[in-house]
Structure formats: structure tokens, C-alpha cells
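To start, the structure under review is shown below, and the notes come after it.
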Amino acid sequence: MKPDTVAIHGGYACGDPSGATAVPIHQTVSYAYKTARELADVFEGRAPGYIYTRLANPTTTALELRLTLLENGIGGIAASSGMAAIASVVMALLKAGDEMIAAGGIFGGTVSLFENTLGRFGVKTHFVDVAETGRFAKAINDKTKLIFVETIGNPRMDVPDLPAVSKIARRANIPFIVDSTATTPFIVRPADLGADIVIHSTSKFINGHGTAIGGCMIDTGGYNWAKGAFVDIKQLSERVGRMAFLYHLKNVIYRDLGGCPAPMNSFLMLQGLETLPGRMEKHCANAAKLAAFLHEHKKVSWINYPALPESRFYDRVKKLYGGKGGGLLTLGLGDKAKAFRFIDSLKLAKNLANLGDAKTLVIHPASTIFAEFDEDARRQMGVSDDMVRVSVGLEDIEDIVKDFEQAIEKTF
Ligand SMILES: Cc1ncc(COP(=O)(O)O)c(C=O)c1O
Numbered sequence: 073m074k075p076d077t078v079a080i081h082g083g084y085a086c087g088d089p090s091g092a093t094a095v096p097i098h099q100t101v102s103y104a105y106k107t108a109r110e111l112a113d114v115f116e117g118r119a120p121g122y123i124y125t126r127l128a129n130p131t132t133t134a135l136e137l138r139l140t141l142l143e144n145g146i147g148g149i150a151a152s153s154g155m156a157a158i159a160s161v162v163m164a165l166l167k168a169g170d171e172m173i174a175a176g177g178i179f180g181g182t183v184s185l186f187e188n189t190l191g192r193f194g195v196k197t198h199f200v201d202v203a204e205t206g207r208f209a210k211a212i213n214d215k216t217k218l219i220f221v222e223t224i225g226n227p228r229m230d231v232p233d234l235p236a237v238s239k240i241a242r243r244a245n246i247p248f249i250v251d252s253t254a255t256t257p258f259i260v261r262p263a264d265l266g267a268d269i270v271i272h273s274t275s276k277f278i279n280g281h282g283t284a285i286g287g288c289m290i291d292t293g294g295y296n297w298a299k300g301a302f303v304d305i306k307q308l309s310e311r312v313g314r315m316a317f318l319y320h321l322k323n324v325i326y327r328d329l330g331g332c333p334a335p336m337n338s339f340l341m342l343q344g345l346e347t348l349p350g351r352m353e354k355h356c357a358n359a360a361k362l363a364a365f366l367h368e369h370k371k372v373s374w375i376n377y378p379a380l381p382e383s384r385f386y387d388r389v390k391k392l393y394g395g396k397g398g399g400l401l402t403l404g405l406g407d408k409a410k411a412f413r414f415i416d417s418l419k420l421a422k423n424l425a426n427l428g429d430a431k432t433l434v435i436h437p438a439s440t441i442f443a444e445f446d447e448d449a450r451r452q453m454g455v456s457d458d459m460v461r462v463s464v465g466l467e468d469i470e471d472i473v474k475d476f477e478q479a480i481e482k483t484f
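Going by our numbering, the sequence shown opens with residue 73, and the numbers climb by one from there.
Here's what the structure looks like:
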């Protein structure tokens, strides 16, 4: 099936006895078996079956199958949030003393996880500027265990050269992990460009309506765990073959950390996926039009949208993402006071901490998501005091532009 069809039907064959066409919400903690022997067999992997929703749930399974099909993976696991997915993947791979390389200009929550939380557990992260791919190779040493990037960095809007970074990771025999939250499978399938593990915060464009938090992690099958640098997973691969990483993730970290999604939230993600292809088209089209308007506006100091011909990442977006720049952009208004005045003057766009909603959203990153970092660190991350991040929604673009125009007018 083609991706647009998979988004609607993938992972669920109306197998419910009632004939329910929507995936049923299995709102249950546990699953009963008639005999003690049957449950023991499921526990010990001698028979298939569900045990406990922290480990697996039929509604969540449908979501995992659909996302795996859309990402061309060999398997996937859904999580309670994007952060739970990122934390689970890196914690499944790293131990104290290990190092990783991450793209600069990525989501503040991820930076905090890598630098602060994992730092406390003895993991070191090197952040590199993705504009110069060679920096990834230079940052590798014998402690490096993985490379992590975002397809379009939030909020710096930097676009890594995925195939080139993948080659660097392959040469070092380490997995290449790609957070594709900003792009979704309807702009790019990172598996086709050399990603080994794909992560999403499904809270964003996949959910699409700001109604549930979720995440997922997909193994693309690109990394050979049998020949990899991870002893536990290597040993497992003798028993479970190329599913070794997912097996390790599910039966160790995911089970122990307890970051499973609520069944209701898995249902909401499945519903979001059904309309994702059409929504993503319009997010991109609206964002491109708003970016063009802001670029021309004399009072806007700067605008950053990777599909604008003036962007330093325009060629990569054209080559790797078919020219689609996603639904996010950032703009500068001169200073923090003007950024605040602009946000306060918007009537249609909502001022809140989320992205990927049908509604147009704005936020002042320096005083919110990145407030825990000092000014110097923020500068290095590309988060200036005059920056406003916009998640361009699905309203009529004329209404969005009108709202921005009147807010800029009131700002100056
Ligand atoms: C690129 C990216 N990855 C991960 C996350 C974290 O996702 P969640 O809020 O679902 O934990 C976010 C949140 O904004 C994000 O923008």
C-alpha cells in the first residue's frame, strides 16, 4: 500500500468481532488467562499474548505497526512522550563513561536530557554545528556510541545532511538516530537516507490537534546489531536476530522506566495519522507563504525557514525533503520587548508551548523552553532574545498573514 493508504489502514484489519472500523481503545491494565500455565507461557515467551499495558496493549500495537510501516522499519515501540522515546533509546545504548554526538540547535528538552540528566549519570554529549558535516567525523572518539540529529532542528531550523552523517556513523560502526518530529514520514522517511533509529514526538504533527502527548521509536533495520558495539544487544542478536535492539529496549529499559502510552492516547495518534498526509501538505504550503511574507516585511529583522531560497539549508531541503520545509519557522523582531509585544498583539495565533497543531501557535523560546540555560548557552544554541517561534497552522493563510501583519504594526 502507498503511504497515504497506510496512514488510514495500516496496522489494523478491522479484526474486532463487533466490526468496529475505528481501532478499539483497550482501556485495560491487564489481560486474563484461563489457566496458570497459559499465563506462564506468555510470560516466558512460549506463547504470544498480552500481559500488562506497561509492556504492550492492542491499541498501542496498532499504532506501532502503522508507524513502522510508514517509516519503513522492522519494528517500533510507542512511548508516553517524545522525551520518553528519546530517553529510552539513548539509555538503552549508553552507559556511564560513554559519549555521544548531537546536532546543535535542537529541542531544549533534549539538550537538557543529554547535558544535565545523562551528564549526571556519566554520559558526555558533544554538540556540533550540522552546517559542516565534517564536524561529526571530527568529534568521534573511541568512547562515542551514537549520533543524534533532528531532521529540522527545533528551533534553529538547521537541516543536517542525513546521508552524509549516516556514512560517518557507519564508518565508526555506531547507530545514527534521527528525530523526525518536525518532518513526519510525509516529508521524509529517514530510513531511506541512512537513519538506523527514527524517533517522533507524536504529540506534534502526528497527533495534529494538541490533544495527547506521545512518542515512538522505530528500528529501520539499518544497523547491524550482531556486529555492533553493544555487548548485551550483540549477544541477544544470536537469539532474536535483527530484532535484538527492539527486544533489548522493550524488555529492559522500556519495561523498567515505565514510559508506556495510555491506550486512549494511542487511539488519538492513530486518528491523527489518518489525516496527516493532507495536513502536512497544508502546513508546508502555509509556512512557505508566511515565510515569504515575513521575509519581505521591512520591520522583521530576520526570518529562518529552511525552504526559503535565502536559507543556508535551502539546497539540502530541496535535495532531501523535496523542497518541503515543514510547518515551523522563527523570526526576529529586534529585541525581547518587541518579541513580547508582537506575541501579545496576535489575535488568531495562540501563545503556548506546543507545535504541530491545526492552530497557528507562537512562543518566545528564550524565556520559556530555553529559560533554564544562561544567555551564553542560549546564544550557542542559536536562541536569541528577539526570536519568536511559529508553528504555522491550517487556517486560511490570508487570515494568518493578516494576524501577523496587524501584530507587527502594533509592535513598532
Ligand atoms: C523535535 C522534538 N523532539 C522531541 C520533543 C519532545 O516531545 P514531547 O513533548 O512529546 O515529550 C519535542 C517537543 O517539543 C520536539 O520538538
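Backbone N, C-alpha and C define an ideal beta-carbon position, used for all residues, glycine too.
Boundaries (first-last residue) of the alpha helix (DSSP H) holding residue i
| i | result |
| --- | --- |
| Leu318 | 316–320 |
| Ser338 | 335–368 |
| Glu222 | Looking at the DSSP string, Glu222 is not in any alpha helix (DSSP H); the run it does join, the beta strand (DSSP E), is 216–222. |
| Val161 | 154–165 |
| Ile472 | 469–483 |
| Val303 | 303–312 |
| Val183 | 180–184 |
| Ala174 | Note, Ala174: premise wrong, no alpha helix (DSSP H); beta strand (DSSP E) at 171–175. |
| Gly206 | 206–211 |
Residue i Cβ short of 7 angstroms to ligand 1 heavy atom set
| i | result |
| --- | --- |
| Ser160 | no |
| Phe179 | yes |
| Ser153 | yes |
| Asn423 | no |
| Glu222 | yes |
| Thr253 | yes |
| Leu427 | yes |
| Asn226 | yes |
| Thr182 | yes |
| Ile285 | yes |
| Ser338 | no |
| Ser275 | yes |
When the options are compared against residue i, the one with the closest alpha-carbon
| i | options | result |
| --- | --- | --- |
| Glu268 | Ala244, Leu165, Gly294 | With the sequence shown as reference, residue 268 is identified as Asp, and Glu is not the correct amino acid for it. Selected option, being the one with the closest Cα: Gly294. |
| Ile259 | Lys396, Thr125, Phe317, Gly147 | Lys396 |
| Gly87 | Ala359, Gly117, Ala134, Tyr124 | Ala134 |
| Gly225 | Ala430, Phe385, Thr440 | Phe385 |
| Asp201 | Gly194, Val460, Ile178 | Ile178 |
| Ser373 | Leu405, Arg109, Met315 | Leu405 |
| Asn296 | Ala241, Thr77, Leu366, Asn423 | Ala241 |
| Gly428 | Asp233, Thr256, Ile246, Ala168 | Thr256 |
| Gly180 | Ser238, Ile469, His436 | His436 |
| Glu136 | Gly121, Met163, Ala104, Ala79 | Ala79 |
| Met172 | Ile219, Gln307, Met155, His355 | Ile219 |
| Lys391 | Ser90, Leu265, Ala175 | Leu265 |
| Arg413 | Asn337, Pro89, Tyr377, Met459 | Met459 |
| Pro232 | Ala430, Lys215, Lys217, Val250 | Val250 |
| Thr283 | Val95, Val183, Asn426, Ala203 | Asn426 |
| Gly331 | Gly82, Asp113, Thr132 | Thr132 |
| Lys322 | Arg228, Tyr124, Ala211, Cys356 | Tyr124 |
| Asp155 | Leu340, Ile271, Ser417, Val303 | According to the sequence displayed, residue 155 carries Met and not Asp. Of Leu340, Ile271, Ser417, Val303, the residue nearest in Cα terms is Ile271. |
| Tyr122 | Tyr103, Glu110, Arg138 | Tyr103 |
| Gly280 | Ala430, Val114, Asn129 | Ala430 |
| Lys370 | Lys106, Met352, Thr483 | Thr483 |
| Val237 | Leu433, Val455, Arg388 | Arg388 |
| Lys419 | Val434, Thr440, Val183, Lys408 | Val434 |
| Thr93 | Tyr84, Val101, Thr100 | Tyr84 |
| Pro262 | Asp291, Ala244, Gln452 | Asp291 |
| Arg450 | Gly399, Ser184, Arg311, Val462 | Ser184 |
| Ala357 | Ala174, Glu470, Ala298 | Glu470 |
| Ala486 | Tyr393, Asp407, Ala479, Leu139 | Missing from the structure shown is residue 486; the chain here goes from 73 to 484 and no further. |
| Met336 | Gly169, Gly465, Ala150 | Ala150 |
| Phe208 | Met229, Asp328, Glu382, Ala175 | Ala175 |
| Glu353 | Ser439, Arg327, Leu380, Gly465 | Gly465 |
Residue range of the beta strand (DSSP E) that includes residue i
| i | result |
| --- | --- |
| Ser238 | Run containing Ser238: none in the beta strand (DSSP E); it sits in the alpha helix (DSSP H), 234–243. |
| Arg461 | 459–463 |
| Ile441 | Premise fails: Ile441 is in no beta strand (DSSP E) and is neither H nor E. |
| Ala151 | 147–151 |
| Ile80 | Premise fails: Ile80 lies in the alpha helix (DSSP H), 75–81, not in any beta strand (DSSP E). |
| Asp251 | 248–251 |
| Thr197 | 196–200 |
| Asp448 | Here Asp448 belongs to no beta strand (DSSP E); instead the alpha helix (DSSP H) covers 447–452. |
Residue i beta carbon near ligand 2 (any heavy atom closer than 7 angstroms)
| i | result |
| --- | --- |
| Thr255 | For the structure depicted, ligand 2 is absent and the ligand set comprises only ligand 1. |
Test: residue i CB closer than 8 angstroms to a CB of chain B
| i | result |
| --- | --- |
| Gly395 | You won't find chain B in this structure, because it holds only one protein chain. |
What are the complete alpha helix (DSSP H) segments, minimum 4 residues, inside the region 89–118? If we require 4 residues or more, the alpha helix (DSSP H) runs fully inside the region 89–118 come out as 108–115.
Which runs of the beta strand (DSSP E), 3 residues or longer, sit entirely within the region 389–433? Runs found: 400–404.
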